[in-house]
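Report on the following structure.
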Amino acid sequence: MAEETHIAAGQAAAPAIKLRHINKAFGAVQANRDVCLTVVPGTIHGIIGENGAGKSTLMSILYGFYEADSGEILIGGKPTPIRTSRDAIDAGIGMVHQHFMLVDTMSVVENIMLGAESGAILTSSVAKARAELERLERDYNLDVDPDALAGELPVGQQQRVEILKALYRGADILILDEPTGVLTPQETDQLFRILDSLRKQGVTVVLITHKLREIMAITDHVSVMRGGEMVADRVTAATSKEELAELMVGRKVLLSVDKQAPRVGDTVLSVEDLTYVDRAGVARVDHVSFQVRAGEVVGIAGVSGNGQSELLELLSGIRPMTAGQVDVLGERFSAARPLDPAAMRALQVAHVPEDRLRMGLVRTFEAEESAILGYHRDPAYNRGLFMNGEAIRSDCAKKMADFDVRPQAPALKTANFSGGNQQKIVLARELSRGPRLLLVGQPTRGVDIGAIEFIHKNLIAMRDAGSAVLLVSVELEEIMSISDRILVMFEGRIVGEVPAAQADERLLGLMMANAATEEEALATHPGLPGAIAVEPE
Amino acid sequence: MADLLLNLLLSFDATLRVATPLVFCAMAGLFSERSGVIDISLEGKMLAAAFAAASMAAVSGSAWLALGTGILVSICLALLHGFACITHRGDQVVSGVAINILVSGLTVVLGIAWFARGGQTPSVGPEARFTPITLPGAEALADVPVIGALYSELISGHNLLVYVAFAMVPLTWWVVYRTRFGLRLRAVGENPNAVDTAGISVARLRYTAVLCDGVLCGFAGTYLSIAQNAAFVREMTAGQGYIALAALIFGKWRPVPAMLACLMFGFLDAVAIRLQGVEVPVIGPIPVQLIQALPYVLTVVLLAGFIGRAVAPKAIGTPYVKER
Chain A
1 MAEETHIAAG QAAAPAIKLR HINKAFGAVQ ANRDVCLTVV PGTIHGIIGE NGAGKSTLMS
61 ILYGFYEADS GEILIGGKPT PIRTSRDAID AGIGMVHQHF MLVDTMSVVE NIMLGAESGA
121 ILTSSVAKAR AELERLERDY NLDVDPDALA GELPVGQQQR VEILKALYRG ADILILDEPT
181 GVLTPQETDQ LFRILDSLRK QGVTVVLITH KLREIMAITD HVSVMRGGEM VADRVTAATS
241 KEELAELMVG RKVLLSVDKQ APRVGDTVLS VEDLTYVDRA GVARVDHVSF QVRAGEVVGI
301 AGVSGNGQSE LLELLSGIRP MTAGQVDVLG ERFSAARPLD PAAMRALQVA HVPEDRLRMG
361 LVRTFEAEES AILGYHRDPA YNRGLFMNGE AIRSDCAKKM ADFDVRPQAP ALKTANFSGG
421 NQQKIVLARE LSRGPRLLLV GQPTRGVDIG AIEFIHKNLI AMRDAGSAVL LVSVELEEIM
481 SISDRILVMF EGRIVGEVPA AQADERLLGL MMANAATEEE ALATHPGLPG AIAVEPE
Chain B
1 MADLLLNLLL SFDATLRVAT PLVFCAMAGL FSERSGVIDI SLEGKMLAAA FAAASMAAVS
61 GSAWLALGTG ILVSICLALL HGFACITHRG DQVVSGVAIN ILVSGLTVVL GIAWFARGGQ
121 TPSVGPEARF TPITLPGAEA LADVPVIGAL YSELISGHNL LVYVAFAMVP LTWWVVYRTR
181 FGLRLRAVGE NPNAVDTAGI SVARLRYTAV LCDGVLCGFA GTYLSIAQNA AFVREMTAGQ
241 GYIALAALIF GKWRPVPAML ACLMFGFLDA VAIRLQGVEV PVIGPIPVQL IQALPYVLTV
301 VLLAGFIGRA VAPKAIGTPY VKER
């Protein structure tokens, strides 16, 4: 732990958090192995690592969700045993969880005082909480309506409520677990401003993330975890994205996607006025029109829940369309002649669904069975009435080799593969047939950085081989690095189109929040003649 | 005209008596279900309490001792439900149904073994029952028009447990919406994770809720056997626990609307009794069976969507497991 002492050396004050040799095992899995960590008070300390690297386990131990098998926790220099969340709260630790811990049907005030009421009867608690909330909102510049129902607030505000909750309990150490996953870029910027002001007021912030950009943008120190171990501590200013990525994965990683200019061919998919109205009468997809041509990747950006998922399901034939028409490779579909998944497959349209566990795989199936789902009627897999087990197995083994699925065990249950490898099984199934149109949803959700690189490379390879690719993702970085053209969806409509070369996060973020009209977009981005903002109806 | 009014008044009077066990059970269910534990065993707990109270009343001759026994037995069953659903994360509906079946058999078996009257308990005298009490001033006011009649006929002249039941409604409201326990109760039924991360034990909170449920069901059962009646009769709850559960859902898990739903069911029941044998022009006498089926028919009709969508506490029915 040479680096650790190096960081602590220049500081006079006792470290806000000091973890000594923490071990934690879940059955045979060693989630944390001899982890040491020192966090300097009044700083923002990033913890970065791939999924399953043990970051969340470590923080859960610090917040009293789990007890460590061995090791010691020192808070402000004092050994502090933490067995329950109550112990952690008493030690001044607050946590903002990845999935917010709010009661949707209660007001902000009620949420904030839950568990920290001042007496058995609420009247005085409410008054006290309200006054304290006003003070906190003023001091930290966190603006939230105390009487709003938590469930009706936008996610960015819900997160503020979580931060206020921690501060209300007197937390001077704030842990944030993947806080930006649900935020738009603008909300992320706001969050970072909040964190910055917290730091100025002396609060110690621990930020858990797998996004390198965020680490570089806001943290003072960064610790890298890999395979349950703490592999490095760095001063952020003295490191780089490339170094951190290499430390996380354990090998060199290409962060940007290498790609040539697209060689665009004929139109493969043409969508006109496609509309989908759900049972509640809400138009989830609202008169959407666009085209995708062979040899290009069209990305659809948007804050999750603005109709992208529905669009993808409409195009793959899972959801019936309400109105409009879709031309796929010369075949015309409409409400009267609906798309269906089998017909789409026959047309060589492949679909990588957003939610692989719900739609892409059957968890309890063996990998070789999951690898032929939807194509199981292919004569190659059948022999008369029965399925051809040998053919299926050898086919799966080949796919696993081609797509670097680990472990290469066709007979292993699907559920026993990691998220990234499950995704590779789906991709192998859909890509290995050389589809002419590829519909992809969230291809790298929950996938490690090393596998992301691999998946991106394969998508580009499909494009270069002449497939038309439609990519839906909430990860802006992904959309920007893979796509050739970017469409932005807001409340079911396409509100704008930007050539990828001219896109940046700010512009896309504004369009995703529907804050940018054409003029504004052009005004803030004068060098953007290609931005076409489609006027909503 | 005056005759009709008096009839109506007597129907309302009967309504209160019939609705009393429903109100107790609905409030009981409210505590449990608001904490996220489905309670189908209201019926069973009420039946067990009715039997226990009647047995104790027959043996000891004390109504108060009987009430205590009824509550105790009901609490034991509530804790059994809690043990299955909270500690062992079992299926809440299955556990509830199991308790109902267990009690339905056990009360008869024990009744035959102890009293040898085919499952009934011996009738007890007024000293071992909760008998009607006349409120002060009822007789003096009886001759005052309207108010007098209302007070002396409708309000006065019920047994103590009726008043306790209706006092439980504002009390439940106050506990649920105005106390720390109530805040946590509402929170744990919606999002137990929020409660756990706030440093509060989910299991303890749910056990407390289930305990409240047990106490109130004990009152309901005791009322049935030694206040409304004078002995335990096999299956004497006759589905009232389920009706109370329906009332709770009608009332969207809120105390006052739930009580109103109980009163509506009670009123239908009271009217059903009054309408028996009444001649209706053209049709003739109303068939008794039809009248008796009315509350159940109405339950189905109302549940089928006339009351708007009832949104249950979000975490209801799901055992709490700390997520990884």
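Listed in order, the protein sequences are those of chains A and B. First residue of the first sequence: 1, per this note's numbering; consecutive thereafter. First residue of the second sequence: 1, per this note's numbering; consecutive thereafter. Here a beta-carbon is modelled for each residue, glycine too, at the ideal position from N, C-alpha and C. This structure is a prediction, so every number in the text was calculated from the model and none was measured.
- Using a Cβ-Cβ cut-off of 9 angstroms, Arg186/B counts as an interface residue toward chain A, since at least one Cβ of chain A sits closer than that to its own.
- Between Thr267/A and chain B, the shortest Cβ-Cβ separation is not below 9 angstroms.
- DSSP assignment within the region 432-512 of chain A yields the following whole alpha helix (DSSP H) runs of 4 residues or more, N-terminal first: 449-464, 476-482 and 505-512.
- A residue is called buried once 16 or more other Cβ atoms fall within 10 Å of its Cβ, and Pro179/A is buried on that count.
- With a 10 Å radius around the Cβ and a threshold of 16 neighbouring Cβ atoms, Arg206/B comes out buried.
- By the C-beta density criterion, Glu310/A is buried, having at least 16 other C-beta atoms within 10 angstroms.
- Taking 7 angstroms as the upper bound on Cβ-Cβ separation, chain B lies near no residue of the region 161-177 of chain A.
- The beta carbon of Lys24/A lies closer than 7 angstroms to those of Ala31, Asn32, Thr57, Ile61, Tyr66, Ala68 and Asp69 in the same chain, with the five residues before and after it left out.
- Residue state for His21/A is assigned as strand, using DSSP reduced to three classes.
- Chain B has a Cβ within less than 9 angstroms of the Cβ of Leu114/A.
- Counting along the chain, the unbroken alpha helix (DSSP H) around Met344/A starts and ends at Pro341 to Ala346.
- Judged by their CB atoms, Val292/A and Val472/A are not nearer to each other than the 9 angstroms cut-off.
- As the crow flies, the alpha-carbon of Ala127/A is around 14 angstroms from that of Asn111/A.
- One thing to note: Val161/A has its Cβ within 9 angstroms of the Cβ of Val108/A.
- Pairing Gly317/A with Met344/A gives a Cβ-Cβ distance under 9 angstroms.
- Annotated as proximal: Leu122/A and Tyr177/B, with beta-carbon spacing under 9 angstroms.
- When C-beta distances to chain B are compared with 9 angstroms, the residues of the region 51-82 of chain A below that value are Ser56, Thr57, Ser60, Tyr63, Gly64, Phe65 and Tyr66, in chain order.
- With a cut-off of 8 angstroms on Cβ pairs, the region 51-69 of chain B is not in contact with the region 167-182 of chain B, counting fewer than three such pairs.
- Val37/B is outside the set of residues whose beta carbon lies under 9 angstroms from a beta carbon in chain A.
- DSSP assignment within the region 233-268 of chain A yields the following whole alpha helix (DSSP H) runs of 4 residues or more, N-terminal first: 241-249.
- Apart from sequence neighbours up to five positions away, the residues of its chain that approach Val224/A with a beta-carbon distance below 7 angstroms are Ile48, Gly49, Val231, Ala232, Leu244, Leu247 and Met248, ordered along the chain.
- Ala350/A counts as buried, since no fewer than 16 other beta carbons sit within 10 angstroms of its beta carbon.
- Close to chain B, meaning a Cβ-Cβ distance shorter than 9 angstroms, are the following residues of the region 84-114 of chain A: Thr84, Ser85, Arg86, Asp87, Ala88, Ile89, Asp90, Met95, His97, His99, Phe100, Met101, Leu102, Val103, Asp104, Thr105, Met106, Glu110, Asn111, Met113 and Leu114.
- Among the bridge pairs identified by DSSP, Phe333/A is matched with Val326/A.
- When DSSP assignments are scanned along the region 206-234 of chain A, the uninterrupted stretches of beta strand (DSSP E) that are 3 or more residues long and fall wholly within it turn out to be 221-226.
- A Cβ-Cβ separation of about 5 angstroms places Tyr320/B in contact with Val202/B under the 8 angstroms criterion.
- Distances from the CA of Arg213/A to each of Gly492/A, Glu477/A and Ala503/A were compared; the closest alpha carbon is that of Glu477/A.
- Residue state for Ala14/B is assigned as helix, using DSSP reduced to three classes.
- In the three-state DSSP reduction, Val93/B falls in the helix class (H, G or I).
- Close to chain A, meaning a Cβ-Cβ distance shorter than 8 angstroms, are the following residues of the region 184-212 of chain B: Arg184, Arg186, Ala187, Glu190, Asn191, Asn193, Ala194, Val195, Asp196, Thr197, Ala198, Gly199 and Ile200.
- Residue-level contact by beta carbon fails for Gly202/A and chain B, as no gap is shorter than 9 angstroms.
- Taking the beta carbon of Ala411/A as reference, no residue of chain B falls within 9 angstroms; the closest one sits roughly 26 angstroms away.
- For Thr131/B, there is no enclosing alpha helix (DSSP H), as DSSP gives it neither H nor E.
- Using a CB distance cut-off of 9 angstroms, Ile48/A does not count as an interface residue toward chain B.
- Residues of the region 114-146 of chain A whose Cβ lies closer than 8 angstroms to any Cβ of chain B, in chain order: Leu114, Gly115, Ala116, Glu117, Gly119, Ala120, Ile121, Leu122, Thr123 and Ser125.
- Of all alpha-carbon atoms in Ala54/B, Leu10/B, Met27/B and Met56/B, the one lying nearest the alpha-carbon of Leu42/B is that of Met27/B.
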